[in-house]
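Residue numbers (our numbering), protein chains in the order written: chain D, 4 to 162; chain P, 54 to 312. What follows is a short report on a single structure.
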């Protein structure tokens, strides 16, 4: 998990800065990115209605898949995104080799990763046939719904 | 409105199977409609999370899998992890036993595990193709049946009640609850009800926890219930960290104890 891999002092001062920004702002939610960290803070709603639990402050720190923002892939590269929030696993078990590596050719429908949320393991299958040109999320990291996971260069025909 | 007895419209009963999950997944891939239940009196290779084995004994454990094809986005799939555990807990409570839930879907009596749930799913984009929910309940296991560390961590309904139970009757009771709760999962209002019922039985709320996510990735904090997605909320200082997955250990004093 990223929050223990990060420099704690740096993270804390970053969060404090974001809290200051939020306090001064009239908005109820703020999202700030710095290098590889993204912090999302929400103000406690004064009239939120139960039973939905009100979250005083929700903090999610995680690696940002910078590759998505960078124009490092050509337009024809297919970006496969997370269908749900969960933990991204590149291998079927902790000691097994990864399903795929960069440069591998994959077929449409082939399992190339797993996403786990609450003990539910969801196969992540290649949505196109092609070559893996980027693995955009880190193994055993939390990815949010819609985050890019793989960049695949489509190939029309594979032997 | 859905058929109230959708789950269990077809029940395949086997004396011995390697895994009810594997059979139900085979049916799922062949296009079997939702509601199929696969029951085995004896499971030779019962599976848990990450392929961990699930201990069961013939005629003493209830092990079954159900096939579902929920008509919602994978983002609601965490409820497919909550509702089976909640259903089992409520069926067990009907027997007069107080039980609780350890996120996401362990069923406990006191501090000992009496049942567990494993969910496997395949989705394509926004569509869930199939979900197979595996459920294991320790029904008539006696003290002598639990070996090694299981003696400290596991229990059975029979040990709690002091009498043997009819496994098939319990299955019917659980199926009734599963049908009701599955229907609730399909609407926002229903999912709110699931959360409320879950939180009433949440054993982690207010407790000091350790969450482990992969090798060496550990966080300590206090359980703060679940969020609207069903994810675990943990308070660390003034902050709430939300976990979509992870192994949770309840910390008692200085001694971590996995429950």
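The beta carbon of each residue, even a glycine, is placed where N, CA and C say it ideally should be. On a predicted model such as this, the values are computed, not experimentally measured, just so you know.
For residue 266 (chain P), is the classification buried or exposed, using 16 other Cβ atoms within 10 angstroms of its Cβ as the cut-off for buried? Translated into the one-based positions of the second chain, residue 266 (chain P) becomes position 213. Buried, since its Cβ has 16 or more Cβ neighbours within 10 Å.
Going by C-alpha distance, which of P:121, P:96, P:233 is nearest residue 115 (chain P)? In the second chain, residue 115 (chain P) corresponds to position 62, counting from 1. Looking at the Cα atoms, P:96 is the closest of the given residues.
Quick one: any contact between the stretch 118–135 of chain P and the stretch 200–215 of chain P, if contact means 3 or more CB pairs under 8 Å? Segments in contact, no.
Is residue 131 (chain P) close to chain D, meaning its C-beta is less than 8 Å from at least one C-beta of that chain? As a first step, residue 131 (chain P) is located in the second chain; it is residue number 78 there, counting from the start. Residue 131 (chain P) counts as touching chain D.
Would you list, in sequence order, the uninterrupted beta strand (DSSP E) runs of no fewer than 3 residues that lie entirely inside the stretch 136–186 of chain P? Whole beta strand (DSSP E) segments, 3+ residues: 153–155, 159–162, 165–177.
Assumed close pair residue 242 (chain P), residue 304 (chain P) - CB separation to whole angstroms, cut-off 8 Å: For the purposes of this step, residue 242 (chain P) is identified with residue 189 of the second chain, where counting begins at 1. For the purposes of this step, residue 304 (chain P) is identified with residue 251 of the second chain, where counting begins at 1. About 36 Å; that fails the 8 Å criterion.
Could you spell out the range, first to last residue, of the alpha helix (DSSP H) harbouring residue 241 (chain P)? Within the second chain, the letter at position 188 stands for residue 241 (chain P). For residue 241 (chain P), the enclosing alpha helix (DSSP H) begins and ends at 241–253.
Determine which residues share a DSSP beta bridge with residue 126 (chain D) and list them. As a first step, residue 126 (chain D) must be located in the first chain, where it is residue number 123. Per DSSP, D:117, P:175.
Run the CB neighbour count on residue 88 (chain D), radius 10 Å, all protein chains shown included, and call it buried at 16 or more, exposed below. As a first step, residue 88 (chain D) is located in the first chain; it is residue number 85 there, counting from the start. When all chains shown are included, residue 88 (chain D) counts as buried.
Strictly below 7 Å CB to CB, what residues from chain P border residue 126 (chain D)? Counting from one through the first chain, the residue named residue 126 (chain D) turns up at place 123. Residues of chain P passing the Cβ test: 175.
Can you pull the chain P residues whose beta carbon is under 9 Å from the beta carbon of residue 151 (chain D), in chain order? Counting from one through the first chain, the residue named residue 151 (chain D) turns up at place 148. The contacting residues do not exist; residue 151 (chain D) stays about 14 Å from chain P at best.
Reference residue 127 (chain P); option with closest CA among P:156, P:66, P:184, P:260: Taking the first residue of the second chain as 1, we reach residue 127 (chain P) at position 74. Of the candidates P:156, P:66, P:184, P:260, the residue whose Cα lies closest to the Cα of residue 127 (chain P) is P:184.
Quick check: the stretch 228–238 of chain P against the stretch 151–158 of chain P, are there 3 or more CB pairs under 8 Å? No: the two stretches stay apart, fewer than three of their Cβ pairs being nearer than 8 Å.
Touch test, the stretch 118–125 of chain P against the stretch 80–89 of chain P, Cβ-Cβ under 8 Å, three pairs minimum: Contact between the stretch 118–125 of chain P and the stretch 80–89 of chain P is present: three or more C-beta pairs spanning the two stretches fall below 8 Å.
CB contact below 8 Å: residue 298 (chain P) versus chain D: Your numbering for residue 298 (chain P) matches position 245 in the second chain. Chain D contact via Cβ: present.
Check distances from the C-beta atoms of the stretch 195–220 of chain P to those of chain D and list, in chain order, the residues that come in under 9 Å. If the cut-off is 9 Å between Cβ atoms, the stretch 195–220 of chain P has nothing near chain D.
Give, in chain order, every residue of the stretch 115–139 of chain D whose Cβ lies closer than 8 Å to some Cβ of chain P. For the stretch 115–139 of chain D, the set of positions with a beta-carbon nearer than 8 Å to some beta-carbon of chain P reads 119, 120, 121, 122, 123, 124, 125, 126, 128, 130 in chain order.
If I'm right that residue 116 (chain D) touches residue 92 (chain D) with Cβ under 8 Å, what's the distance once you round it to whole angstroms? Within the first chain, the letter at position 113 stands for residue 116 (chain D). Within the first chain, the letter at position 89 stands for residue 92 (chain D). A Cβ-Cβ distance of about 6 Å is found for the pair residue 116 (chain D) and residue 92 (chain D), placing them in contact under the 8 Å criterion.
Residue 196 (chain P) by DSSP, collapsed to three states: which one? Translated into the one-based positions of the second chain, residue 196 (chain P) becomes position 143. Helix at residue 196 (chain P).
For residue 89 (chain D), go through chain P and note every residue whose CB falls closer than 7 Å to its CB, in chain order. Position 86 of the first chain holds residue 89 (chain D). By Cβ distance, chain P contributes 297, 298.
Across the stretch 180–196 of chain P and the stretch 289–298 of chain P, are there enough close Cβ pairs to call them in contact, namely three or more that are closer than 8 Å? Because the criterion of three Cβ pairs below 8 Å is not met, the stretch 180–196 of chain P and the stretch 289–298 of chain P do not touch.
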